[in-house]
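Novice:
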Amino acid sequence: MSVPNVEFTAKEALMLEACVKCAACVKSCPVYRITHDPKCTPPYRSKVLRKVYQSQHGFPYKRDKPRVEELAEDFEEVFKCTLCGICTIGCTFQIQMRETLFDKLRALYEKLGLTKGGIKQTLDSIREFKNPFSLEKDLRVMWISDAESYEVQVPVKQKAKILYFVGCTSALKGALSMIPIGAAKVLNTIGEPWTVLGEEEVCCGNPALAAGGEEVARELAEENVRLAEQLGVEVVVMTCPGCFRTWMWEFPKLLKRKLPFKIIHLTELVLNHVKSGSLRLKQVVNEVVTYHDPCELGRLSGIIEEPREILKFVTKGLREPKESKSEGLCCGGGGLLNLVDKEAWSNLSVFRLKQLIETGARKVFSSCPSCKNTLMSAVEALGVDVEIIDLAEVLGDAVEKA
Amino acid sequence: MLPWFTAIILVLGLIARFWRIKKLKWEVEEQEVRGSPLKGAFSAITLELLPWIELPAKRGPIHYSIGLLMHISIIALLIIYYTPLAALLGLEQLALQASIYLSALALVTSTILLIRRVHGLVVKNAVGVLTDKQDVFDLVLVLFLSASWLNMSLAFSTLNFAINALILQVMLIYTPFSKFIHPIMFFALRLYTGYQRGLRGEIR
Chain P
47 MSVPNVEFTA KEALMLEACV KCAACVKSCP VYRITHDPKC TPPYRSKVLR
97 KVYQSQHGFP YKRDKPRVEE LAEDFEEVFK CTLCGICTIG CTFQIQMRET
147 LFDKLRALYE KLGLTKGGIK QTLDSIREFK NPFSLEKDLR VMWISDAESY
197 EVQVPVKQKA KILYFVGCTS ALKGALSMIP IGAAKVLNTI GEPWTVLGEE
247 EVCCGNPALA AGGEEVAREL AEENVRLAEQ LGVEVVVMTC PGCFRTWMWE
297 FPKLLKRKLP FKIIHLTELV LNHVKSGSLR LKQVVNEVVT YHDPCELGRL
347 SGIIEEPREI LKFVTKGLRE PKESKSEGLC CGGGGLLNLV DKEAWSNLSV
397 FRLKQLIETG ARKVFSSCPS CKNTLMSAVE ALGVDVEIID LAEVLGDAVE
447 KA
Chain D
9 MLPWFTAIIL VLGLIARFWR IKKLKWEVEE QEVRGSPLKG AFSAITLELL
59 PWIELPAKRG PIHYSIGLLM HISIIALLII YYTPLAALLG LEQLALQASI
109 YLSALALVTS TILLIRRVHG LVVKNAVGVL TDKQDVFDLV LVLFLSASWL
159 NMSLAFSTLN FAINALILQV MLIYTPFSKF IHPIMFFALR LYTGYQRGLR
209 GEIR
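Chains as they are written, first to last, in the working numbering: chain P, 47 to 448; chain D, 9 to 212.
#1: Between the beta-carbon of C75 (chain P) and the beta-carbon of C133 (chain P), is there less than 7 Å?
#2: Are any of the Cβ atoms in chain D nearer than 7 Å to that of P76 (chain P)?
#3: Looking at chain D, which residues of the segment 364-384 of chain P have a Cβ within less than 7 Å of any of its Cβ atoms?
#4: What residues of chain D sit near K85 (chain P), judged by a beta carbon separation below 9 Å?
#5: Secondary structure at I434 (chain P), three-state DSSP: helix, strand or coil?
#6: Rounded to the nearest angstrom, what separates F297 (chain P) and G136 (chain D) at their Cα positions?
#7: Between the C-alpha atoms of D387 (chain P) and L22 (chain D), what's the straight-line distance to the nearest angstrom?
#8: What separation, rounded to the nearest whole angstrom, lies between the Cα atoms of D201 (chain P) and L233 (chain P)?
#9: Looking at chain D, is there any beta carbon in it that lies within less than 7 Å of the beta carbon of G288 (chain P)?
#10: Taking DSSP as the reference, what is the three-state secondary structure of R113 (chain P)?
#11: To the nearest whole angstrom, what separates the beta carbons of L382 (chain P) and T168 (chain P), a pair I think is in contact under 8 Å?
#12: Taking C65 (chain P) as the reference, give the member of P:Q140, P:H319, P:G278, P:P178 with the closest Cα.
#13: Against H103 (chain P), what residues of chain D qualify as contacts under a CB-to-CB distance less than 9 Å, listed in chain order?
#14: Would you kindly report the start and end of the unbroken alpha helix (DSSP H) that includes G363 (chain P)?
#15: Pull up the DSSP beta-bridge partners for I309 (chain P), would you.
#16: Looking at C-alpha atoms only, which residue of D:L153, D:Q101, D:T201 is the closest neighbour of A170 (chain D)?
#17: Beta-carbon of F397 (chain P) versus every beta-carbon of chain D: anything under 7 Å?
#18: Tell me whether the beta-carbon of S73 (chain D) lies closer than 7 Å to the beta-carbon of I88 (chain D).
#19: Taking just the CA atoms, how far does T420 (chain P) sit from G288 (chain P)?
#20: Indicate whether at least one CB of chain P lies closer than 7 Å to the CB of F194 (chain D).
#21: Among residues of its own chain, excluding the 5 on either side of M78 (chain D), which ones have a beta-carbon nearer than 7 Å to its beta-carbon?
#22: Taking a cut of 9 Å between CB atoms, which residues from the segment 52-74 of chain P lie near chain D?
#23: Please classify G429 (chain P): is it buried, with 16 or more other beta-carbons within 10 angstroms of its beta-carbon, or exposed?
#24: Applying the criterion that 16 or more other CB atoms from any shown protein chain within 10 Å of the CB defines a buried residue, is G251 (chain P) buried or exposed?
#25: Give the C-beta separation of L357 (chain P) and V335 (chain P) to the nearest angstrom, bearing in mind that I take them to be a contact with Cβ-Cβ under 8 Å.
#26: By DSSP, does Q39 (chain D) sit in helix, in strand, or in coil?
#27: Do you know whose CA, among P:R345, P:S347, P:R365, P:E260, lies nearest R354 (chain P)'s CA?
#28: Residues of chain D with CB closer than 8 Å to the CB of G461 (chain P), please, in chain order.
#29: Counting Cβ pairs closer than 8 Å, one from the segment 337-356 of chain P and one from the segment 369-382 of chain P, do we hit at least three?
#30: Determine, using beta-carbon pairs with one atom in the segment 184-194 of chain P and one in the segment 219-226 of chain P, whether at least three such pairs fall under 8 Å.
#31: Find the residues of chain P that neighbour P191 (chain D), judging by a C-beta separation of less than 7 Å, and give them in chain order.
#32: Quick one: does L18 (chain D) have its CB under 7 Å from some CB of chain P?
#33: Among residues of its own chain, excluding the 5 on either side of S186 (chain D), which ones have a beta-carbon nearer than 7 Å to its beta-carbon?
#34: Within 10 angstroms of the Cβ of D140 (chain D), are there 16 or more other Cβ atoms? Answer buried if so, exposed if not.
#35: Please report the Cβ distance between I135 (chain P) and R345 (chain P), rounded to the nearest whole angstrom; I am assuming they are in contact, meaning their Cβ atoms lie under 8 Å.
#36: Against chain D, which members of the segment 135-166 of chain P pass a CB distance test of less than 8 Å?
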């Protein structure tokens, strides 16, 4: 069966036509660096999509329709990607492979029914449970009970200026509950009316997009935005970079409209308050630390200096690891890689952890629950005495009213 | 007669190539980051090429340097041979001397890049799985053009000029149907997206 016609935008066409297959981006691709699989590269994935594009818009002598079976053979190559986006800055043409082409390619695979295994299960879980972990919605508020044991108040579904969107990973993975608790402490210290959506919060759609489920992601975006609008919020705060990037950059695309509120990451919020003089930060970690840039927060959203500025206040100092800031190496936690190639995921996380501990720091900070989760697995695999900490976890104790 | 034929094919081919993009949907994304398109494109072909600017693209330093040298030498040769710039600046003698070295450089670098492609096809590495017949043909054509430049700069004669002119015509005719269009695509893409490295955080 031939691949049915796909709608391409001019931007996608420009990107597909501009690529000269120079392979300059290959050496920066973390999955290629770990697997050395010649087909696990950004330009190879683009080539798969280009075949489809050429068959519709190429010159007549190039219009061989690719077969669905051909695309099915490339399933692993297409999905064995962390969606970290370093290929874009590795490209002289700045072809936005991750954000424009790979999302499209994954959506095409889903549309053609070619997704399988963990990728398909994740999408099915999001459709049914509105989270990627197939967990019931009442578990979303478990962290709130934990917060109460720390005497941290968490207002649920109230009219407020600030909405804290917790995200599935922090809310549903018990081991990460200190992240939302830390954020709640910060918001209580700031003192402006804030709220969470509680059981009604649904997945932001980030893993749905990674699994190719654009329609599911659109429905989730509509639901989340509707809930936020009902509460009349002015600002939506996140601790999860995946949620942050999806709300910030994907929601307007999915909903084809601007959002009526500001999207902000917790580190930005804190730093803004520190700069305006309403908050003070105190040192709570008495040692030199290092920082791992989450791809979706740093490279893909531009929040690079904010966490560093905060770390300068709350720790004794910061040592930069190799490959940091906008060129930060992915820990492997993105793109649902662990569902397609567990070995690559594990090897990549260990590789990144080694880079981080080369700095000599024994406390590794990040600002992402997924990175924390992945790097904690690497700590276990390497058997090293290193602590992986999300910045939100210490911010709760580090902020005080000025 | 031949230059006219070349010009007609080139223009019609370019129109056809861009028409197929033009007819697609040019949607404006609500939250798209738009920097200064000119600044982004300009820095990509100037500042970012400086050796001390670290970029992921430079992680394959040998391939990057060879590719860069090939592009620089070809651009310089195109300016020397097909624009009146050298004459206007009174640097004809210098340009003639430089053309020998530049065409030798273009020949060597395009040969290395061709070997890289062919080697990739043989060992089926990351470059090889991307390479098709057209990629090889493109480099063969660049190699021939470089050789004809070298030939012409070492011994100028009507025959050598005619060989060079013929290869150039073939390249121009072939441009709209190949990746030789990439300089135009580069500016089209960079100016349209306005993408600038590391800009996202700055404009919010």
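Each residue gets a CB set at the ideal place from its N, CA and C atoms; glycine is no exception.
Specialist: Taking the definition as stated:
#1: Looking up residue 75 (chain P) in the first sequence gives position 29. Looking up residue 133 (chain P) in the first sequence gives position 87. Yes.
#2: One-based indexing of the first sequence puts residue 76 (chain P) at position 30. It does not; no Cβ of chain D falls within 7 Å.
#3: Of all residues in the segment 364-384 of chain P, S372, E373 have a Cβ within less than 7 Å of some Cβ in chain D.
#4: As a position in the first sequence, residue 85 (chain P) is number 39, starting the count at 1. What K85 (chain P) touches in chain D: A134, V137.
#5: Taking the first residue of the first sequence as 1, we reach residue 434 (chain P) at position 388. Residue state, collapsed to three classes: strand.
#6: Taking the first residue of the first sequence as 1, we reach residue 297 (chain P) at position 251. Taking the first residue of the second sequence as 1, we reach residue 136 (chain D) at position 128. So the two alpha carbons sit approximately 38 Å from each other.
#7: The sequence position of residue 387 (chain P) within the first sequence is 341, counting from 1. The sequence position of residue 22 (chain D) within the second sequence is 14, counting from 1. Rounded to whole angstroms, D387 (chain P) to L22 (chain D) spans 43 Å at the Cα level.
#8: Position 155 of the first sequence, counting from 1, holds the residue named residue 201 (chain P). Position 187 of the first sequence, counting from 1, holds the residue named residue 233 (chain P). For the record, residue 201 (chain P) in the displayed sequence is Pro; it is not Asp. Cα to Cα, P201 (chain P) sits roughly 11 Å from L233 (chain P).
#9: Taking the first sequence and counting its residues from 1, the one referred to as residue 288 (chain P) is at position 242. It does not; no Cβ of chain D falls within 7 Å.
#10: Taking the first sequence and counting its residues from 1, the one referred to as residue 113 (chain P) is at position 67. In the structure shown, R113 (chain P) sits in a strand (DSSP, three-state: E or B).
#11: Within the first sequence, numbered from 1, the residue matching residue 382 (chain P) stands at position 336. Within the first sequence, numbered from 1, the residue matching residue 168 (chain P) stands at position 122. Indeed they touch by this definition, with Cβ atoms about 6 Å apart.
#12: Residue mapping note: residue 65 (chain P) aligns to position 19 of the first sequence, counting from 1. In terms of Cα proximity to C65 (chain P), the closest of P:Q140, P:H319, P:G278, P:P178 is P:Q140.
#13: Position 57 of the first sequence, counted from the start, is the residue given in the question as residue 103 (chain P). Per Cβ cutoff of 9 Å: R28, I29, K31, L32.
#14: Working through the first sequence from its first residue, we reach residue 363 (chain P) at position 317. No alpha helix (DSSP H) contains G363 (chain P), which is instead part of the beta strand (DSSP E) from 363-365.
#15: Along the first sequence, read from residue 1 onward, the residue named residue 309 (chain P) stands at position 263. I309 (chain P) is bridged to P:V282.
#16: The residue you call residue 170 (chain D) lines up with position 162 of the second sequence. The alpha carbon of A170 (chain D) has as its nearest neighbour, out of D:L153, D:Q101, D:T201, the alpha carbon of D:L153.
#17: Stepping through the first sequence from its first residue, residue 397 (chain P) is reached at position 351. Chain D places no beta carbon closer than 7 Å to that of F397 (chain P), leaving this residue out of the contacts.
#18: Start at 1 with the first residue of the second sequence, and residue 73 (chain D) comes out as number 65. Start at 1 with the first residue of the second sequence, and residue 88 (chain D) comes out as number 80. The answer is no: Cβ separation not under 7 Å.
#19: Your numbering for residue 288 (chain P) matches position 242 in the first sequence. Your numbering for residue 420 (chain P) matches position 374 in the first sequence. Going from the Cα of G288 (chain P) to the Cα of T420 (chain P) covers about 14 Å.
#20: Numbered from its first residue, the second sequence carries residue 194 (chain D) at position 186. True, the Cβ-Cβ gap to chain P drops below 7 Å.
#21: On the second sequence, residue 78 (chain D) is found 70 positions in, with the first residue counted as 1. Spatial neighbours of M78 (chain D) in its own chain (CB-CB distance under 7 Å, excluding positions within 5 residues in sequence) are listed in chain order as A114, T117, S118, L121.
#22: From the segment 52-74 of chain P, only E53, F54, T55, A56, K57, E58, A59, L60, M61, E63, A64, C65, V66, K67, C68, A69, A70, C71, V72, K73, S74 have a Cβ closer than 9 Å to chain D.
#23: As a position in the first sequence, residue 429 (chain P) is number 383, starting the count at 1. If you draw a 10 Å sphere on the C-beta of G429 (chain P), you find fewer than 16 other C-beta atoms in it, and that means exposed.
#24: Residue mapping note: residue 251 (chain P) aligns to position 205 of the first sequence, counting from 1. Note on G251 (chain P): 16 or more other CB atoms within 10 angstroms of its CB, so buried under the neighbour-count rule.
#25: The sequence position of residue 357 (chain P) within the first sequence is 311, counting from 1. The sequence position of residue 335 (chain P) within the first sequence is 289, counting from 1. Indeed, because the Cβ distance is near 6 Å, the residues count as touching under 8 Å.
#26: Residue numbering aside, residue 39 (chain D) sits at position 31 when the second sequence is read from its first letter. Its pLDDT being 49, under 50, Q39 (chain D) is placed unreliably by the model, and the measurement read from it follows with that caveat. Three-state DSSP puts Q39 (chain D) in coil, outside helix and strand.
#27: Sequence index remark: in the first sequence, residue 354 (chain P) carries index 308 (1-based). Nearest Cα to R354 (chain P) within the set P:R345, P:S347, P:R365, P:E260: P:R365.
#28: Shown here, chain P extends from 47 to 448; a query on residue 461 (chain P) therefore has no answer.
#29: Judged by Cβ distances under 8 Å, the segment 337-356 of chain P makes contact with the segment 369-382 of chain P, as three or more pairs qualify.
#30: Short answer: they touch.
#31: In the second sequence, residue 191 (chain D) corresponds to position 183, counting from 1. Within chain P, not a single residue places a beta-carbon under 7 Å from that of P191 (chain D); the smallest gap is close to 10 Å.
#32: Counting from one through the second sequence, the residue named residue 18 (chain D) turns up at place 10. With 7 Å as the cut-off, L18 (chain D) does not count as an interface residue toward chain P.
#33: Locating residue 186 (chain D) in the second sequence gives position 178, where the first residue counts as 1. Sequence-distant Cβ neighbours of S186 (chain D) in its own chain, meaning closer than 7 Å and more than five residues away, are Q142, D146.
#34: Reading the second sequence from its first residue, position 132 is the one you call residue 140 (chain D). When all chains shown are included, D140 (chain D) counts as exposed.
#35: Counting from one through the first sequence, the residue named residue 135 (chain P) turns up at place 89. Counting from one through the first sequence, the residue named residue 345 (chain P) turns up at place 299. Going by Cβ atoms, the distance from I135 (chain P) to R345 (chain P) rounds to 7 Å, so yes, they are a contact pair.
#36: Listed by position along the chain: I135, G136, C137, T138, F139, Q140, I141, Q142.
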